[in-house]
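Down below is the structure, laid out as structure tokens.
Chains as they are written, first to last, in our numbering: chain A, 5 to 536; chain B, -5 to 446.
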């Protein structure tokens, strides 16, 4: 009775709320519930049922916590009337946001040592900037303080933070170097050579680099061990990105292919032809299911990495691509930045915002600042920062990345993350494979070659078997030969029988298929009945 | 135009004063934690390794007896005390915390074969091969006892002499009676010098006796005619009996499921039975390589400890076919008696080398006061390990136990023997006419007959 009443009169808001909650629960369930009906073992079934109930409970608790307990709400930008969001300029946004957000809009003009490339720590608090002509800078973005600035008097091609802000690596003219926060050079990684692009795999503590010769290096920064290095064999490239979901490194090549690598495989896991011209940029969605590639033939493609299919093709050049935490896609070309959003449908990217730098500025790198609605742009005249509402994750987790981290917390976190350091073998295309059991498969049939070799072995056994010395002419060479021949025939027989049986089965199958294929449905009833 | 941007003021997200606790924020979104399964797996491997590192089960030995320890009894009313009797007639009360003798009970002329304490914890009953049953007053716990400075001895309350040597004794859980095992089963009252009742079924000796914890009038015995017999004191004759292929040395009832009991058998296995259904064992617990001498259930009823003639102590799950844990030291000889402590955290073993040994029930458990954070960490490790226990790396580390060479070789030999037997059985079956040869499961095979 009560159920009926509940069914009869749920208000619209209630229904909406429960639907919203259901979606959240689904996210936290991390996969579908197993079908217990299939399980025959009663004991196992009971255990699984308990486990599933527990998973369901924890998912709903997490969903409720997300709904009610998170302190910050995400940003947004909504147009009113005939306004279009991509027409809204940064100056207009400045007037509508608070003073603490206004300081996120700035241009740093450094005309001499550019173009600049930048990197953020995972919490988004610290930024490292590297000018092509040797200018390295470390900044605290919360207080906008310059922590350290130095001049290495060498070409710097890339910069990236290691596990926290105390260490960073810079790819310089001949070798990459590792510096600490005070600007002291700690290591020179000579084995890597002239590196074009670097990425740090945080869970694995691996520094992966691609050098001028197109060689991919993986170095463990905790032990200093070179885990592996591979010749890509596809020329040099500076298009490199780590899939944050599984730690697979993707490289975009001049032939239009994108290859994906893991440190324990000499050949790429995936080699996909994405563009007709060279691949100019590459980016991964934070959930790891989507990849964006840009080619010089004026195409930007979005790929579904579960099916390796194109989801969407957009027109336009892009020398840089970058996904934000909430899934916005930033593309840059020349001095213009376009932000694409997928608000209407998760797989449909449309224009969301755009921003033009001063004409003549060449954008080197665009990067969303984690946990903030900010896009940082490194260009030939310094670096800039603009506001992109709705790009960042509004709520941080203290144990994952904390923008307000104290030094004590940082030290603690360093130890914890080292304890949880993943071995390089855990990098794989589908990271949820870990912990699963390979499904039982029937014993595979021996291949034709194996069967032949088996038969050969049986025959040689018979041939080499010593013959008994017998009297009364029974050991005559002709007798011996014929006896051996008999033995060979006998040894061969089971193999031949099996082969014949198989051939027959195949022929039968073929015939059946052919009959089914040839005859239209209406005539199938006249087909020859199989002999029962 | 409507616009909102994330803005965080540092005051809201940091502590006000340096003495405050740091503010902690959670966001359980899976996309913030990439490769969480791999991380969990690494944690599971580490937890398994840590478990191995911290596995130090041996707490200490209690020496004092001058002959092999033959029997033990725990006081259901006191956590710290344990009684032990030895082959030379010496009975001692030990303080487990200080591992010293508190009190001695001299008087027995021969081996003390049975020891038990009444449920109220007042009276200790002992019996032995000198054909006497002795009742002792259990000394009251005093503050000076923990010093262990005075080894006082006490005199028996009563000495009852009877016709035959005794092999075991057990006190009723709820009531005044106790039962002794000898040439027959005798049921005694505290105040009478003669048994009030005697049971006999066949002419063979009764080895051990154990009262049911749930039903006070029900008891089980094992005899040297390889039998396990159930008695009801309200009836004049025994109720039920099964005969197995080999002798049962000891019996223990599951205190949480009092219809089930487990029998420690001479053939290296333990057999769990449902007392209502004796034609088939519920579970066979294999792993020992020599006769199992004694068995005792944990008060939780989820696991039990066994001591064996192969010089090892093992802990089994109540429904597990193989042991969870094996304890051994170079100096420990044949184990004759084992007990689980009343709080299920310790295991005691008494062996031929005159010592009692105290072990932790969980080898890697942290002793002492555990802080809430530590406890949560232990629980997390346990959960993660449990989740990934089927993976080869975790399984290998978790299952590995160092075995004494003799035990290892004996187990290999037993395995080959069992395999050979199984193979022979299979072949016999394959070569006989279909339907003529049937194989029984091990749960049934070792039972010869059931009698009522």
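C-beta atoms are modelled at their ideal positions from N, C-alpha and C, and glycine is treated no differently.
In chain order, -4, -3, -2 make up the part of chain B whose C-beta sits under 8 Å from the C-beta of residue 80(A).
For a cut-off of 8 Å, the C-beta gap from residue 232(B) to residue 193(B) is around 5 Å, short enough to register as a contact. Counting along the chain, the unbroken beta strand (DSSP E) around residue 174(B) starts and ends at 171 to 175.
Against chain B, the beta carbon of residue 400(A) has neighbours under 7 Å at 19, 21, listed in chain order. Around the beta carbon of residue 432(B), fewer than 16 other beta carbons sit within 10 angstroms, so the residue counts as exposed. Residue pairing by DSSP places residue 294(A) opposite 308(A) in a beta bridge. If you draw a straight line from the Cα of residue 354(A) to the Cα of residue 387(A), it comes to about 26 Å. Judged by DSSP secondary structure, residue 459(A) falls within the alpha helix (DSSP H) whose first and last residues are 452 to 468.
Apart from sequence neighbours up to five positions away, the residues of its chain that approach residue 261(A) with a beta-carbon distance below 8 Å are 238, 275, 276, 277, 278, 283, ordered along the chain. Straight across, the Cα-Cα distance linking residue 253(B) with residue 280(B) is about 22 Å. DSSP, reduced to helix, strand and coil, places residue 28(A) within a helical segment of the structure shown. Between the segment 21 to 32 of chain B and the segment 70 to 83 of chain B there are fewer than three C-beta pairs closer than 8 Å, too few to call the two in contact. Going by C-alpha positions, residue 341(A) is about 24 Å away from residue 104(A).
Listed along chain B, the residues sitting closer than 7 Å to residue 291(A) by beta-carbon distance are 25.
Interface residue (Cβ-Cβ distance to chain B less than 7 Å): residue 227(A) is not classified as such.
Boundaries of the alpha helix (DSSP H) harbouring residue 380(B): 366 to 381, taken from the DSSP string. Residues of chain B with a Cβ closer than 8 Å to the Cβ of residue 32(A) are, in chain order, 22, 24.
Bounds of the beta strand (DSSP E) holding residue 334(A) are 333 to 337.
The Cβ atoms of residue 358(B) and residue 329(B) do not sit closer than 7 Å to each other. Fewer than three Cβ pairs drawn from the segment 304 to 314 of chain A and the segment 407 to 421 of chain A lie within less than 8 Å of each other, which leaves the two stretches out of contact.
With a cutoff of 7 Å on beta-carbon distance, residue 382(A) and residue 363(A) are scored as not near each other. Counting the other CB atoms within 10 Å of its CB gives residue 72(A) a total below 16, which places it among the exposed residues.
Taking a Cβ-Cβ threshold of 9 Å, the residues of chain B close to residue 249(A) are 25, 28, 29, in chain order. Beta-bridge analysis with DSSP links residue 340(B) to 354(B). With respect to the 7 Å criterion, residue 21(B) and residue 401(A) are classified as neighbours on the basis of their beta carbons. Check the Cα spacing between residue 224(B) and each of 240(B), 195(B), 251(B), 249(B): the tightest is with 195(B). A straight line joining the alpha-carbon of residue 346(A) with that of residue 158(A) spans about 41 Å.
For residue 499(A), the secondary structure class from DSSP, reduced to helix, strand or coil, is helix. Chain A places no beta carbon closer than 7 Å to that of residue 132(B), leaving this residue out of the contacts. Residue pairing from DSSP places residue 192(A) in a beta bridge opposite 181(A).
The beta carbon of residue 7(B) sits closer than 7 Å to some beta carbon of chain A. Contact annotation: the segment 202 to 218 of chain B touches the segment 167 to 174 of chain B, with at least three C-beta pairs closer than 8 Å.
Of all alpha-carbon atoms in 9(B), 25(B), 446(B), the one lying nearest the alpha-carbon of residue 248(A) is that of 25(B). Residue contact check for residue 63(A) against chain B: no CB pair falls below 7 Å. Sequence-distant Cβ neighbours of residue 345(B) in its own chain, meaning closer than 8 Å and more than five residues away, are 62, 63, 301, 305, 326, 327, 328, 329, 330, 351.
Scanning its chain for C-beta atoms nearer than 7 Å, with the 5 sequence neighbours on each side dropped, one finds around residue 107(B) the residues 64, 65, 121, 122, 123, 160, 161, 162, in chain order.
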